[in-house]
Amino acid sequence: MKDAVDTPEERSAGLKGMGCARKRVEDVRFTQGKGNYVDDIKLDGMLFGDFVRSPYAHARVVSINAEAALALPGVVAVLTAADLAPLGLHWMPTLAGDKQMVLADGKVLFQGQEVAYVIAEDRYIAADAVELVEVEYEELPVVVDPFKALEPDAPVLREDIAGKMEGAHGPRRHNNHIFTWEQGDKDATEAVLAEADVVAEEMIYYHRTHPCPLETCGCVASMDKVTGKLTLWGTFQAPHAVRTVAALISGIAEHNIRVISPDIGGGFGNKVGVYPGYVCSIVGSIVTGKPVKWIEDRMENLMSTAFARDYWMQGKIAATKEGKITGLWCHTTADHGGFDACADPTKFPAGFMNICTGSYDIPVAYLAVDGVYTNKAPGGVAYRCSFRVTEAAYFIERMIEVLAIKLNMDAAELRRINFIKADQFPYQSALGWEYDSGDYHTAWDKALKAVDYEGLRAEQAQRVEEFKAGKTRKLMGIGLTHFTEIVGAGPVKNCDILGLGMFDSCEIRIHPTGSAIARLGTISQGQGHATTFAQIIASEIGIPADDITLEEGDTDTAPYGLGTYGSRSTPVAGAATAMAARKIRAKAQMIAAYLLEVHDDDVEFDIDRFVVKGAPERFKTMKEIAFAAYNQAIPGLEPGLEAVSYYDPPNMTYPFGAYICVADVDVDTGEVGIRSFYALDDCGTRINPMIIEGQVHGGLTEALAIALGQEIAYDDMGNVKTGTLMDFFLPTAWETPNYTTDHTVTPSPHHPIGAKGVGESPNVGGVPAFSNAVHDAFRPFGLTQSHMPHDHWRVWKTANKLGLHG
Amino acid sequence: MIPAGFEYHRPTDVASAIEILKTHGDEARVVAGGHSLIPMMKLRMADLAHLIDLQDIASLKGIEIGADSVSIGAMVTQHELITHAGLHEALPIMREAALQIADPQVRYVGTVGGNVANGDPGNDMPGLMQCLDATYVIEGAEGTRRVKARDFYQSAYFTDREEDEILTRIEIARLPAETGHAYEKQKRKIGDYATAACGALVTMQGGTCTAASVAMTNLSDTPVWSEEAGAALVGTSCGPDAVAAAVAACLEAINPTEDNRGPVEFKRHVAGVIIRRAIERAVSRA
Chain A
1 MKDAVDTPEE
11 RSAGLKGMGC
21 ARKRVEDVRF
31 TQGKGNYVDD
41 IKLDGMLFGD
51 FVRSPYAHAR
61 VVSINAEAAL
71 ALPGVVAVLT
81 AADLAPLGLH
91 WMPTLAGDKQ
101 MVLADGKVLF
111 QGQEVAYVIA
121 EDRYIAADAV
131 ELVEVEYEEL
141 PVVVDPFKAL
151 EPDAPVLRED
161 IAGKMEGAHG
171 PRRHNNHIFT
181 WEQGDKDATE
191 AVLAEADVVA
201 EEMIYYHRTH
211 PCPLETCGCV
221 ASMDKVTGKL
231 TLWGTFQAPH
241 AVRTVAALIS
251 GIAEHNIRVI
261 SPDIGGGFGN
271 KVGVYPGYVC
281 SIVGSIVTGK
291 PVKWIEDRME
301 NLMSTAFARD
311 YWMQGKIAAT
321 KEGKITGLWC
331 HTTADHGGFD
341 ACADPTKFPA
351 GFMNICTGSY
361 DIPVAYLAVD
371 GVYTNKAPGG
381 VAYRCSFRVT
391 EAAYFIERMI
401 EVLAIKLNMD
411 AAELRRINFI
421 KADQFPYQSA
431 LGWEYDSGDY
441 HTAWDKALKA
451 VDYEGLRAEQ
461 AQRVEEFKAG
471 KTRKLMGIGL
481 THFTEIVGAG
491 PVKNCDILGL
501 GMFDSCEIRI
511 HPTGSAIARL
521 GTISQGQGHA
531 TTFAQIIASE
541 IGIPADDITL
551 EEGDTDTAPY
561 GLGTYGSRST
571 PVAGAATAMA
581 ARKIRAKAQM
591 IAAYLLEVHD
601 DDVEFDIDRF
611 VVKGAPERFK
621 TMKEIAFAAY
631 NQAIPGLEPG
641 LEAVSYYDPP
651 NMTYPFGAYI
661 CVADVDVDTG
671 EVGIRSFYAL
681 DDCGTRINPM
691 IIEGQVHGGL
701 TEALAIALGQ
711 EIAYDDMGNV
721 KTGTLMDFFL
731 PTAWETPNYT
741 TDHTVTPSPH
751 HPIGAKGVGE
761 SPNVGGVPAF
771 SNAVHDAFRP
781 FGLTQSHMPH
791 DHWRVWKTAN
801 KLGLHG
Chain B
1 MIPAGFEYHR
11 PTDVASAIEI
21 LKTHGDEARV
31 VAGGHSLIPM
41 MKLRMADLAH
51 LIDLQDIASL
61 KGIEIGADSV
71 SIGAMVTQHE
81 LITHAGLHEA
91 LPIMREAALQ
101 IADPQVRYVG
111 TVGGNVANGD
121 PGNDMPGLMQ
131 CLDATYVIEG
141 AEGTRRVKAR
151 DFYQSAYFTD
161 REEDEILTRI
171 EIARLPAETG
181 HAYEKQKRKI
191 GDYATAACGA
201 LVTMQGGTCT
211 AASVAMTNLS
221 DTPVWSEEAG
231 AALVGTSCGP
241 DAVAAAVAAC
251 LEAINPTEDN
261 RGPVEFKRHV
271 AGVIIRRAIE
281 RAVSRA
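Residue numbers (this note's numbering), protein chains in the order written: chain A, 1 to 806; chain B, 1 to 286.
Written as structure tokens, this is what we have:
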């Protein structure tokens, strides 16, 4: 028998369990063009929906005339708000406790807003019909600046709630004000600021951008009038939540709704929310009795589905003259667009922005966030980050640099003397979080040594001399970041979305021959769940990862869960996977003991088998146990070998990392060349090093894009200036620098396998690293702060203002 | 992003294509690689009833390297410009410039004829053709005529070509062996049009410049060839003063406009840098 002769190392390697750089099983179909995305779904008699969208950012809709469109052969219906109103579906609830127009109800609030929904026999006819719908608008004054939106005489954007001074998150003080969210101790913080040796103050703007997944949003809705069952395929990062929300707003019983997320071509937060296209497609299918498909084009995606960031963060940081931080104050003005459709846990209207004390032991802090309506698209999703964590990380990592300038200190040393120490964990932050674990000094020292930080500073000083002597026109910047994330939402006691608790789940069934299927409440959009979650099971149960099928995304088969975003899959569903596997292992232990005719306590788990303690030649493999579980009558045990776990995490996880970017900045052309980028990530236990590395490379490239040019920009009329990939910066391989990845491992003490999540770290930590590099290049010439994105002309402008163009 | 309906024509000779153009007037357009026209149709900014695809017309293809000149068919792709060994030997600036257009996927389909005939000030080839003093061969119902690239462009998207004419070939005289070349382009990313781009050809004999040509892309509503810039270099050793004079002449000739790449002040500054780099690199290779 082969099992008897393999060494333990061989048996362990054969499982391809945790720690193995297992190749992604998903890639076989993706690299062969055999993925199955929403737009690949074709049903008999399927119709196509397309939107008439507003060309104006703020206008009254005077009239809609669909006669010419309806007269076009092949056009089946044109829906307007008037058609949806009798169903109560002309507005829909947002994830943030606000409501949003499904179709323009009397007015429009942003360019690209959905005004009418055309349904036709094919997408070409639908596109032609969109052109034929005549909409008469009366333009209204446009507000694109959130500060101007709060001025006393600003136009009222949301007439539906005009005068309502109580919102979903407390009092509103202005018709364009959504909420104020306060955390920490205001009085104590202001007292510290008043008495501090040094206070650095700066406005840090994190501009509006967009997740821009390669696949845009879309769905196919199919209402079977015979069974009364609605099937909805879509680009959903949270299919179960979509089912529940659809049941609540449509009145269709939840058991009659099946939501399926097929392959998803990237989400990055863009596919968390519910969009008018989904609602209109469902209504369209109910009205026509036929399946209706809706797929956004790229411009629609950039213009109307969820944006990210757009935070104006006014900061004050207090310190002793030696550099010990004594307090942090932040007031954020958050531009939410026309509707508050942020994807945040209900109790957190500004997400986890209160992680903005970062990696530092700051004794007292205060944060206030004002949410504001403007004539821009709604959204505010977590673009490859946990809720508003990247804004928080950017804020504190810029404030540290600003403080270093004020103190005339080295920014690496300033960080070091303020880090939370390893023996302070679990650490209670001034803004209310309990950091589970960390070892920042070790990571920081390893990073500085790896890049030869001292050497880089010496080279930089020399470069400044050469620049001043006219020998070069390129400056050198060293961008430092030590970020701490808060991911894995989250404990049901304080994290829910629309009342749905943010636990997650895994169900595992072992087949009689020892292979398995596992289903989870999450949904991969490129993260490689089918690869990594099988590895957790392989290590926990001892059956090869290659023998485990992993399924997600079908609400009729998968256990209920809240989906994939905010780096929550591994911290929550990954924990559920380990817990379900352990239930199976416990039963397997009883079966093994019975088969080996010893007491349960006399066998122990050994890689892929249970062995009799002290007699390793006596064992039963998991394969044998699985067969016996189904086919042998075992007294006191039900047949079968399966388990389900619903995991409610006791705490968030707190991944961290140390990133160092070296950039060369051409003061004449404004070009920023990334010479090197070192990324050390500590995501706790590492499940698949290759997938981690891939995640870090991808996230850093998004961070590069955001820091150096990617934005959703509006002109004063509320027109989107960056609505195509010509102007919206999506880097290609050509623009992508080389990355050096590294790691330390500080396992999460409360997670079953000690894992923390990694997918979002590189975006969270990467943006400040790239941005700090650009700032650092100009520090010797007096720059304190310049807003992102650092595209050519803005960098040039910085150089120009500093007098570097002679 | 779905175009309105249109009728698709695929003639196999130039005369047939011209006939279709004549029949349908401004309802018809020819399409080469389609990288400009197809997006405009998808955005419904170009609405035309008849699309005439030129890809089956054999006479529009091929690169001919003669003793004194080079002839390039309008349907030659950017990829062919890059990989043609004879062209690289005769006019190395062609490869250098073509490699800076978009990305390999675009260059497999994008054509030199479409690039120069469309009249888009963002396209790189028009400026390059002015730099090279190329001649465009234009065929119409009335026969064949030749127009200098330097005389072809009137304003953005308006050229000397009549609506029922087709640009069929490009003829370029070969350059003296002592000619250095450079095509410099600053762009925000792969696939972008230039913030500023410049082609330079400098012939040096015995340490003295005997001929020079400098042309720029996306710095006005047409490509800009600066005769004065060339004149500032000829007869000099192309030292710093002469180069500065040439750059100054170029900056006199351009008229950039503000767009998402930046305001005019920035573009003029970048143009000065790019033009200087192009001239200096061409001189260094002469």
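Even glycine gets a Cβ: it sits at the ideal position worked out from N, Cα and C.
The structure displayed is predicted, hence computed values, not measured ones.
Which bits of chain A does residue i rub up against, with CB to CB less than 9 Å?
i: B/G239; result: Under the 9 Å cutoff, chain A gives no residues; its nearest Cβ is about 17 Å from B/G239.
i: B/V116; result: By Cβ distance, chain A contributes nothing, its closest Cβ being about 21 Å from B/V116, past 9 Å.
For residue i and residue j, what's the separation of their Cα atoms in angstroms?
i: A/Y812; j: A/A489; result: Absent from the structure is residue 812 of chain A, since the part of chain A shown begins at 1 and ends at 806.
i: A/T724; j: A/N176; result: 29 Å
i: A/K2; j: A/I634; result: Note on A/K2: pLDDT 48, under 50, position unreliable in the model; the coordinate value appears next. One C-alpha to the other measures close to 27 Å.
i: A/V226; j: A/T288; result: 14 Å
i: A/A196; j: A/Y366; result: 15 Å
i: B/T236; j: A/A392; result: 59 Å
i: B/Y183; j: B/G199; result: 4 Å
i: A/P571; j: A/H743; result: 18 Å
i: A/D445; j: A/G699; result: 23 Å
i: B/G86; j: A/F110; result: 55 Å
i: A/Y440; j: A/G45; result: 59 Å
i: A/G694; j: B/E27; result: 50 Å
i: A/V464; j: A/P780; result: 8 Å
Would you grab the beta carbon distance between residue i and residue j for me? Rounded to a whole angstrom, and I think it's under 8 Å.
i: A/T209; j: A/I712; result: 6 Å
i: A/V133; j: A/A69; result: 5 Å
i: B/I287; j: A/T732; result: Absent from the model: residue 287 of chain B. The displayed extent of chain B is 1 to 286, so no value can be given.
i: A/I478; j: A/Q460; result: 6 Å
With 8 Å as the threshold, decide whether the Cβ of residue i is near any Cβ in chain B.
i: A/V721; result: Strictly speaking, residue 721 of chain A in this sequence is Lys, with Val absent from that position. With 8 Å as the cut-off, A/K721 counts as an interface residue toward chain B.
i: A/E397; result: no
i: A/T735; result: The residue you asked about is not Thr; residue 735 of chain A is Glu in the sequence shown. Yes - at least one Cβ of chain B is within 8 Å of the one on A/E735.
i: A/A116; result: no
i: A/D185; result: no
i: A/M353; result: no
i: A/A127; result: yes
i: A/F729; result: yes
i: A/M726; result: yes
i: A/W312; result: no
i: A/Y124; result: yes
With a cut-off of 8 Å, does the C-beta of residue i fall near any C-beta of chain A?
i: B/H79; result: no
i: B/Q105; result: no
i: B/G262; result: yes
i: B/M1; result: yes
i: B/D192; result: yes
i: B/F266; result: yes
Below 8 Å on C-beta distance, what does residue i contact in chain B?
i: A/E131; result: A4, R44
i: A/G709; result: R188, K189
i: A/D668; result: H269, V270, V273
Taking Cβ-Cβ distances shorter than 7 Å, what residues in chain A pair up with residue i?
i: B/T195; result: H792
Since residue i meets chain B, which of its residues come closer than 7 Å, beta carbon to beta carbon?
i: A/W294; result: By Cβ distance, chain B contributes nothing, its closest Cβ being about 13 Å from A/W294, past 7 Å.
i: A/S297; result: Reading the sequence as shown, one finds Asp at residue 297 of chain A and not Ser. Those within 7 Å of A/D297 in chain B are M1.
Using a Cβ cut-off of 9 Å, pull out every chain B residue sitting near residue i, in sequence order please.
i: A/M788; result: Simply none; closest approach about 15 Å.
Comparing the C-beta of residue i with each C-beta of chain E, is any distance below 8 Å?
i: A/T732; result: Looking for chain E here will not work: the only protein chains present are A and B.
Q: Mind listing, in chain order, the continuous alpha helix (DSSP H) runs of no fewer than 4 residues lying wholly within the segment 84 to 162 of chain B?
A: 85 to 90, 92 to 98, 104 to 109, 112 to 117, 124 to 131, 149 to 152
**Q.** Any alpha helix (DSSP H) of 4 or more consecutive residues that is wholly inside the segment 521 to 603 of chain A
**A.** 529 to 541, 575 to 596
Q. Can you list, in chain order, the stretches of the alpha helix (DSSP H) that have 4 or more residues and sit fully within the segment 171 to 207 of chain A?
A. 186 to 195
Q) Curious, which full-length beta strand (DSSP E) runs of at least 3 residues does the segment 613 to 637 of chain A contain? A) 615 to 621
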